[in-house]
Amino acid sequence: MPPDLGRPLWSEPEEPYLAFPKVTLHDHLDGSLRPDTMLDLADAQGVTLPYDDGAVLGDWMARVISDPPEPYPHYRFAVTTSLMQDADSIVRVAREWVREVAADGVLYGEVRWAPEKHTAGGLSMADAVDAVAEGLRQGEEDVAAAGGMIMARQLLCGMRETRLSSRVADLTIEKFGSSVVGFDIAGPEEGWSILDHLDACLKLERAGVPFTIHTGESDGLRSIGDTLNHARALRLGHGVRIIEDVSLNGVPLDVRTCVHDVAAARAAGRAELTVGRIARSVIDLGVPLEVCLTSNARHVVDDRQNHPVDLLYELGFAVTINPDNRMMSRTSISSEMRHLHELFGWDVSQLAKAERVAVDAAFLGEAERAALRTRVEAGIAAVTVPAHRTSET
Ligand SMILES: [Zn+2]
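Every position in the sequence shown, counted from 1, becomes a number in the working numbering once 131 is added.
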């Protein structure tokens with residue numbers, strides 16, 4: 132079982148997959164604050180938030196309730212990052228992130244965030260990186276004190292909409308080591324080409340520092356192709372629109388309707404799936420997809436049941452399971468696993484395969500990866516899921 136750190140915030144009281152050993156690769160620090168912590172930080176900083184009740188604030192952050200009137204920003208991340216402009220606040224949020232994911236059954240986690248968003252209070256980007264490192268270290272100690280063990284690492288994000296990615300890449304290379312294990316490009320995909328960030332990618336590649344890139348979420352195949360062929364990312368953040376390089380009876384799939392269209396074609400007795408050139412290289416090279424089911428169900432498709440995750444798995448893509456933004460998406464990996472079982476019938480062996488893919492995809496050195504693999508395999512061997520939840524019974 133996970134260490135006794137309380138129930139993860141964004142999960143059901145009885146999550147059947149809580150004890151399943153997990154790796155989280157796509158998990159945003161500024162999308163995972165505890166609402167009560169936001170209230171504490173706001174109080175300490177003399178900031179007024181639109182709601183002074185943690186539960187209601189959490190509903191707003193998760194878009195369960197609509198926007199309050201001005202002057203509160205529509206963009207939720209502007210609220211969370213505004214509260215993380217001093218070292219103590221950043222340390223606290225990073226520490227709590229570790230506790231939260233450990234309670235979710237995570238044995239290894241990479242948390243990503245953008246240093247350029249945390250300098251308004253006078254911190255340098257390097258200071259902010261050190262604060263996250265300290266928070267992760269404290270979180271690891273908390274988990275150990277509770278009887279668990281977790282490795283928590285950070286990825287530094289450059290943003291598509293600014294021109295700082297090259298500087299963030301320099302910082303990643305400078306800080307690469309025990310806490311910083313890689314880099315990411317985040318921010319709005321459509322209209323902000325990855326080709327404007329090749330300088331950062333080339334630097335990282337030459338330095339042997341791994342990186343992932345958000346792609347194939349709001350933009351389609353060309354963006355994914357550029358990410359693979361020009362930026363040469365090792366993993367694809369989301370990447371789910373790669374399904375649009377697969378044709379059904381000669382017609383390219385639409386990510387929004389593909390689940391329905393393939394099911395209908397199969398029911399009609401003719402469903403020939405043809406994998407295109409870009410998708411074929413993603414499959415053959417085993418480029419991991421950082422799939423975020425619940426988050427994608429808001430931004431890519433209109434419902435979890437219309438997500439192509441099961442189709443991607445069936446076609447041989449290297450699928451991993453991630454929360455994206457735990458607070459904004461109101462999810463945990465335990466919840467994502469439950470949805471995969473309930474919607475697509477994923478069984479323990481499929482969930483285990485996704486976690487094994489994630490172990491292989493982690494930005495770790497070989498010795499640490501081997502140690503993680505041993506722990507994940509031991510955890511999988513010990514998994515017992517309530518009988519009514521398993522599709523094998
Ligand atoms: Zn993301």
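Note that CB positions come from ideal geometry on N, CA and C, so glycine has one too.
Model, not experiment: these values are computed from the prediction.
Might you give, ordered along the chain, the residues of its own chain that have their beta carbon closer than 8 Å to the beta carbon of L295, omitting 5 neighbours on each side? In the sequence shown, the residue the question calls residue 295 occupies position 164. Excluding residues within five positions, the ones whose Cβ falls inside 8 Å are E247 and G289.
Which whole runs of the beta strand (DSSP E) in the segment 307-346 are 3 residues long or more, in chain order? 311-317 and 342-346
Can you find a CB in chain B that lies within less than 8 Å of the CB of T211? Protein chains in the displayed structure number just one, and chain B is not present.
V224 vs T179 beta-carbon contact at 8 Å: To locate residue 224, count along the sequence shown from 1; it is residue 93. To locate residue 179, count along the sequence shown from 1; it is residue 48. No, Cβ-Cβ distance for V224 and T179 is not below 8 Å.
May I ask whether a heavy atom of ligand 1 can be found less than 7 Å away from the beta carbon of A317? In the sequence shown, residue 317 corresponds to position 186, counting from 1. Yes, the Cβ of A317 comes within 7 Å of a heavy atom of ligand 1.
So what's S522 in DSSP terms, helix, strand or just coil? Residue 522 sits at position 391 when you count from the first residue of the sequence shown. Caution applies to S522, whose pLDDT of 46 falls short of 50 and renders its modelled position unreliable; the value that the coordinates give is listed next. The answer is coil: DSSP assigns S522 none of H, G, I, E or B.
Taking the alpha carbon of V413 as the point to measure from, which residue in V440, L367 and E403 has its own alpha carbon closest? As a first step, residue 413 must be located in the sequence shown, where it is residue number 282. Residue L367 is the option with its Cα nearest to V413.
Could you check if D113 belongs to the surroundings of ligand 1, using beta carbon to heavy atom distance under 7 Å? Because the chain spans 132 through 524 in this model, residue 113 falls outside it and cannot be assessed.
Within 10 Å of its beta-carbon, does T524 have 16 or more other beta-carbons around it, so buried, or fewer, so exposed? Position 393 of the sequence shown, counted from the start, is the residue given in the question as residue 524. With a pLDDT of 36 at T524, under the threshold of 50, the modelled position of that residue is not reliable, and no figure is offered here.
Exposed or buried, which one is E320 when buried takes at least 16 other CB atoms within 10 Å? Working through the sequence shown from its first residue, we reach residue 320 at position 189. Burial call: buried.
Please classify G278: is it buried, with 16 or more other beta-carbons within 10 angstroms of its beta-carbon, or exposed? On the sequence shown, residue 278 is found 147 positions in, with the first residue counted as 1. That one is exposed.
Residues near S522 in its chain [Cβ-Cβ closer than 8 Å; skip 5 each side]: Taking the first residue of the sequence shown as 1, we reach residue 522 at position 391. With a pLDDT of 46 at S522, under the threshold of 50, the modelled position of that residue is not reliable, and the figure given next carries that caveat. Contacts found: H472, G476, W477 and D478.
With distances taken between CB atoms, is the gap from K153 to D235 smaller than 8 Å? Walking along the sequence shown from the start, residue 153 turns up at place 22. Walking along the sequence shown from the start, residue 235 turns up at place 104. Yes. Within cutoff.
Nearest-angstrom Cα distance between F151 and E467? Locating residue 151 in the sequence shown gives position 20, counting from the first residue. Locating residue 467 in the sequence shown gives position 336, counting from the first residue. About 12 Å.
Between G368 and ligand 1, is there a pair consisting of the residue's CB and a ligand heavy atom that are separated by less than 7 Å? One-based indexing of the sequence shown puts residue 368 at position 237. At least one heavy atom of ligand 1 is nearer than 7 Å to the Cβ of G368, so yes.
Let me check understanding here. Comparing Cα to Cα, which of F342, V382 and F448 lies closest to I373? To locate residue 373, count along the sequence shown from 1; it is residue 242. Among F342, V382 and F448, the Cα nearest to that of I373 belongs to F448.
Identify every residue that forms a DSSP beta bridge with H249. The sequence position of residue 249 within the sequence shown is 118, counting from 1. According to DSSP, H249 bridges with nothing at all.
Could you tell me if H430 is buried or exposed, where buried requires 16 or more neighbouring beta carbons within 10 angstroms of its beta carbon? Along the sequence shown, read from residue 1 onward, the residue named residue 430 stands at position 299. By the neighbour-count rule (16 or more Cβ atoms within 10 Å), H430 is not buried but exposed.
Boundaries (first-last residue) of the alpha helix (DSSP H) holding S378: Locating residue 378 in the sequence shown gives position 247, where the first residue counts as 1. Not the alpha helix (DSSP H): S378 falls in the beta strand (DSSP E), residues V377 to L379.
Whole angstroms is fine: what's the gap from H519's alpha carbon to P204's? Residue mapping note: residue 519 aligns to position 388 of the sequence shown, counting from 1. Residue mapping note: residue 204 aligns to position 73 of the sequence shown, counting from 1. The pLDDT assigned to H519 is 47, lower than 50, so where the model puts this residue is not dependable, and the model offers no usable value.
Taking only three categories from DSSP, how would you classify T447? For the purposes of this step, residue 447 is identified with residue 316 of the sequence shown, where counting begins at 1. For the record, residue 447 in the displayed sequence is Gly; it is not Thr. Reduced to three states, the DSSP call for G447 is coil.
Reduced DSSP secondary structure (H/G/I, E/B, other) of E241: Your numbering for residue 241 matches position 110 in the sequence shown. Here E241 sits in strand by DSSP.
Quick check: is any heavy atom of ligand 1 less than 7 Å from the C-beta of H157? The sequence position of residue 157 within the sequence shown is 26, counting from 1. Indeed, a heavy atom of ligand 1 lies less than 7 Å from the Cβ.
Heavy atom of ligand 1 less than 7 Å from the Cβ of H430, yes or no? For the purposes of this step, residue 430 is taken as the residue at position 299 of the sequence shown. Answer for H430: no, Cβ out of range of ligand 1.
Would you report the Cα separation of E486 and V507, rounded to the nearest angstrom? On the sequence shown, position 355 is the one that residue 486 refers to. On the sequence shown, position 376 is the one that residue 507 refers to. Roughly 8 Å separates the two Cα atoms.
Looking at C-alpha atoms only, which residue of V187, A513 and T515 is the closest neighbour of M458? For the purposes of this step, residue 458 is taken as residue 327 along the sequence shown, with counting starting at 1. Of the listed residues, the one whose Cα sits closest to M458 is V187.
Considering G266, what are the terminal residues of the alpha helix (DSSP H) in which it resides? Residue mapping note: residue 266 aligns to position 135 of the sequence shown, counting from 1. M256 to A276 is the extent of the alpha helix (DSSP H) around G266.
Within 7 Å: the Cβ of H345 and any heavy atom of ligand 1? The sequence position of residue 345 within the sequence shown is 214, counting from 1. Yes.
Could you tell me which uninterrupted beta strand (DSSP E) segments, each at least 3 residues in length, are contained entirely in the segment 376-458, listed from first to last along the chain? 377-379, 404-406, 419-422 and 449-452
Out of R411, D392 and A410, state which residue places its alpha-carbon closest to the alpha-carbon of E403. Taking the first residue of the sequence shown as position 1, residue 403 is located at position 272. Of the listed residues, the one whose Cα sits closest to E403 is D392.
Using CA coordinates, which residue listed in D190, D161, E421 and E145 is at the minimum distance from R243? Walking along the sequence shown from the start, residue 243 turns up at place 112. Of the candidates D190, D161, E421 and E145, the one whose C-alpha sits nearest the C-alpha of R243 is D161.
Report yes if the CB atom of V377 is closer than 8 Å to the CB atom of E348, and no otherwise. In the sequence shown, residue 377 corresponds to position 246, counting from 1. In the sequence shown, residue 348 corresponds to position 217, counting from 1. Cβ atoms of V377 and E348: not closer than 8 Å.
In whole angstroms, what is the alpha-carbon distance linking V488 and V514? Within the sequence shown, the letter at position 357 stands for residue 488. Within the sequence shown, the letter at position 383 stands for residue 514. Going by the C-alpha atoms only, they are around 18 Å apart.
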